[in-house]
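One structure is given here, and the rest of the page talks about it.
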Amino acid sequence: MEADVLTAELFAIRQALAYLNTTYTCIRAVIYTDSLSSSPVARHPPLSSHTPFNGYSSPSRQWAGRSPCSGCLPTAISRGNEVADAAAKMALSEVNITPLPLPLSTAKRLISKKCRSAWDRSLGDALRATSMGQYRTDSSPHPWIRQTSRVLDVALTRLRIGHTTLTAHLHRLQLTPDPHCPWCRNVPESIDHFLLQCPRFHSHRQLLRGQLIALNVTTFDLPTLLAAAAVHPSQRPALIRLTCAFLRKTNQLSRLITSRLYTRANIVADINNHNTCSTTRQRGGLAQHVRMSSKATLKTNFTVEAKYDAYFTGQRVEVTSDGSAVVCECGDSVGVVSLASGKVTGRIQCEEDQVTCLALAPDDSYLVVALKSSSVQQHQWPSLELVRSFRSYHRGPVTTMAWDTSSTLMVTGGADSSARVWDLVNKYCTHSLKGASGVFGAVIFHPELTKVPQVYGAVANAIHVWTLGSGASTMSATLAGTTRQSRPSR
Numbered sequence: 001m002e003a004d005v006l007t008a009e010l011f012a013i014r015q016a017l018a019y020l021n022t023t024y025t026c027i028r029a030v031i032y033t034d035s036l037s038s039s040p041v042a043r044h045p046p047l048s049s050h051t052p053f054n055g056y057s058s059p060s061r062q063w064a065g066r067s068p069c070s071g072c073l074p075t076a077i078s079r080g081n082e083v084a085d086a087a088a089k090m091a092l093s094e095v096n097i098t099p100l101p102l103p104l105s106t107a108k109r110l111i112s113k114k115c116r117s118a119w120d121r122s123l124g125d126a127l128r129a130t131s132m133g134q135y136r137t138d139s140s141p142h143p144w145i146r147q148t149s150r151v152l153d154v155a156l157t158r159l160r161i162g163h164t165t166l167t168a169h170l171h172r173l174q175l176t177p178d179p180h181c182p183w184c185r186n187v188p189e190s191i192d193h194f195l196l197q198c199p200r201f202h203s204h205r206q207l208l209r210g211q212l213i214a215l216n217v218t219t220f221d222l223p224t225l226l227a228a229a230a231v232h233p234s235q236r237p238a239l240i241r242l243t244c245a246f247l248r249k250t251n252q253l254s255r256l257i258t259s260r261l262y263t264r265a266n267i268v269a270d271i272n273n274h275n276t277c278s279t280t281r282q283r284g285g286l287a288q289h290v291r292m293s294s295k296a297t298l299k300t301n302f303t304v305e306a307k308y309d310a311y312f313t314g315q316r317v318e319v320t321s322d323g324s325a326v327v328c329e330c331g332d333s334v335g336v337v338s339l340a341s342g343k344v345t346g347r348i349q350c351e352e353d354q355v356t357c358l359a360l361a362p363d364d365s366y367l368v369v370a371l372k373s374s375s376v377q378q379h380q381w382p383s384l385e386l387v388r389s390f391r392s393y394h395r396g397p398v399t400t401m402a403w404d405t406s407s408t409l410m411v412t413g414g415a416d417s418s419a420r421v422w423d424l425v426n427k428y429c430t431h432s433l434k435g436a437s438g439v440f441g442a443v444i445f446h447p448e449l450t451k452v453p454q455v456y457g458a459v460a461n462a463i464h465v466w467t468l469g470s471g472a473s474t475m476s477a478t479l480a481g482t483t484r485q486s487r488p489s490r
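Take UniProt numbering: the last position of the sequence shown gets the number 490, and nothing is skipped along the way.
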C-alpha cells in the first residue's frame with residue numbers, strides 16, 4: 001500500500017488506540033510519538049481531510065474519563081527518525097487493511113514517481129542501443145545542455161547522437177568515397193577524431209583543456225565535452241559554453257549542421273539559373289541534356305574532392321630546408337603549403353590573435369610564431385604541435401625575429417625600440433638589446449656567432465650592432481643612413 005509518512009504515523013497511533021481499547025479498558029495509558037504533526041491530528045481529526053481517523057470515533061469521545069495522554073519525543077538528531085519512518089511504512093504495507101484515501105498532493109507525487117520510473121526503464125532500454133546512452137542515462141531534464149542559439153543546439157545534438165556530416169558518417173551512408181579526415185587524409189573523421197585528436201584544431205583544443213582544468217575538470221572525453229557527465233552541477237553550464245566556444249573558433253559549425261550534397265533537383269535548378277545572358281534555347285538544351293542522362297548518373301550525389309583554403313595574406317613566408325613546403329602568415333593563422341601539390345597540408349589557428357611574424361629553425365626542428373598580443377608560440381615541426389607559449393616582454397608586438405645557425409638562439413625585434421635574445425633550449429632570455437629608436441624592420445645573428453658574438457638590427461634608417469657578452473650586451477656600432485628628400489616642385 002502506498003502512503004506518505006504522516007498517514008503511516010497516524011495509522012500507527014490508531015492501531016495503538018484500538019489495541020488499548022480492546023485489551024486495557026480500565027487503565028490510563030500514554031502514547032509517545034516522534035511526529036509533531038500527527039499528535040494534534042490524532043487528538044482532533046479534521047472532518048474534511050482524509051486521515052486514518054475518518055470513520056473512527058475520536059480518542060476524547062471513545063476514552064471518556066480515561067483519555068490517553070500523548071507526548072512527542074524528538075529523534076531527528078540521530079538516525080532514529082529515519083529508521084522509525086521506514087518501519088512505519090513497512091508496517092503499513094504488510095497489514096491487510098482497506099486502502100486509505102490519500103491527499104491530492106500525495107497522490108500526484110506517487111503517480112509522478114511511478115510514471116518517471118516506467119519512463120526511465122523504457123528510455124534506458126532504448127539508449128543502450130544508441131550513442132546517446134553515454135550522455136543521457138535517465139529522463140531527468142538536462143537544462144545545461146540547451147543553448148539559446150539554434151545553430152549550437154543542433155550541432156551539439158548531432159554530435160551526441162552521431163548523425164553528423166563528418167566524412168566517417170557520410171561514408172557509412174555511401175555519400176562519400178572514403179571516410180578519411182580532409183586534413184589528416186589517413187584517419188577516419190569520426191566524432192572522437194574531430195573533437196579529441198585532429199591536429200588541425202590542436203591549439204583550440206589546448207586552450208579548451210586549460211580552461212577545463214581551471215574549472216577543476218580533469219577528464220577530457222566526449223561525455224564530458226558534450227554532456228558535462230560526472231561534473232559538478234554548478235560547473236555544467238560553464239563547461240558546455242566552453243565546448244560551444246571551441247566549435248565556433250574552429251569554424252566548423254556550418255559544416256556540422258549542413259550537408260554539401262547535391263541531388264538531381266539541385267543540378268537542374270543550377271542549370272536553369274546558369275548564365276542568364278545565354279539564350280532560352282541554350283538553357284533548355286542544357287536542361288534537356290541533364291534530363292536525358294542515365295538514371296544512375298542523376299541519382300549520384302556530388303562531394304567535395306579538393307578544397308583550397310586561403311593560406312597567405314601578405315607579410316613573411318618561410319621555406320623548409322628541403323624546399324618541400326612553404327610556411328605563410330594568414331591573418332590569425334599560419335598556413336603550411338606543399339610545393340608539390342599546392343594544397344594546404346597544415347594550419348595553426350592562433351585564437352583570433354593576429355600573427356605579426358614567424359621564423360622556421362634552420363634544421364626544421366621548430367616553428368616560432370609571434371602574435372600581436374606580444375606572446376610567442378613555439379611549435380614542433382612538422383607536426384605543428386604546440387610545445388610552449390611565453391611572453392616576449394616587448395611593450396608592443398614583435399615585428400621581426402631570426403634564428404642563429406645552430407637553431408638554439410633566437411633574436412626578436414619589436415615595435416618598442418628593443419630587441420631580445422632567447423635561448424629556446426634552456427627557455428630563458430639571455431640579453432636585452434637597447435639603444436635603438438624606432439620599430440625594428442630586421443634582425444640577424446652573425447653567421448659565426450661563436451667567433452663573432454654580434455647581433456645586427458635595422459631600425460628606421462639606421463643599422464645597429466650589438467656585441468653579446470657574458471650576461472650583458474653593448475651597442476658597438478651604428479651605421480646611420482640618410483633620408484632621401486623629395487625634389488622640390490618647380
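Backbone N, C-alpha and C define an ideal beta-carbon position, used for all residues, glycine too.
Under the three-pair Cβ rule at 8 Å, the region 328 to 339 counts as touching the region 305 to 320.
About 18 Å separates the beta carbon of G469 from that of A436, a gap too long to meet the 8 Å contact definition. Collapsing the DSSP output to three states places V154 in a helix. One alpha carbon belongs to A214, the other to L6, and they sit about 47 Å apart. Judged by DSSP secondary structure, Q197 falls outside any alpha helix (DSSP H); it is assigned neither H nor E.
In this structure, L371 lies away from C357, with their beta-carbon atoms at least 7 Å apart. The closest CA to that of D423, considering only W403, G413 and T408, is found on T408. Annotation note: the region 4 to 34 contains the following uninterrupted alpha helix (DSSP H) runs of length 4 or greater, listed N- to C-terminal: 5 to 23. Between the C-alpha atoms of Y308 and C184 there is a straight-line separation of about 15 Å.
Listed in chain order, the non-local C-beta contacts of T148 below 6 Å within the same chain number zero, local neighbours out to five positions each way being set aside. Pairwise C-beta distances place the region 375 to 382 out of contact with the region 181 to 195, as fewer than three of them are shorter than 8 Å. Residue range R236 to K249 is occupied by the alpha helix (DSSP H) that includes A245. Secondary structure note for L479: its beta strand (DSSP E) is the uninterrupted segment S473 to A480.
Listed as beta-bridge partners of T467 by DSSP are Q454 and T474. Measuring C-alpha to C-alpha distances from G441 to each of V151, R316, V344 and S476 identifies R316 as the nearest. The three-state secondary structure of H431, taken from DSSP, is strand.
D322 sits in coil when the DSSP states are folded into three classes, being neither helix nor strand. Contact between L226 and L152 is absent: CB atoms are separated by about 12 Å, not below the 8 Å threshold.
Distance from the CA atom of D125 to the CA atom of T165, rounded to whole angstroms, is 27 Å.
The beta carbons of H464 and T474 sit no closer together than 7 Å. The beta carbon of R388 is closer than 6 Å to those of Q378 in its chain, skipping five residues each way along the sequence.
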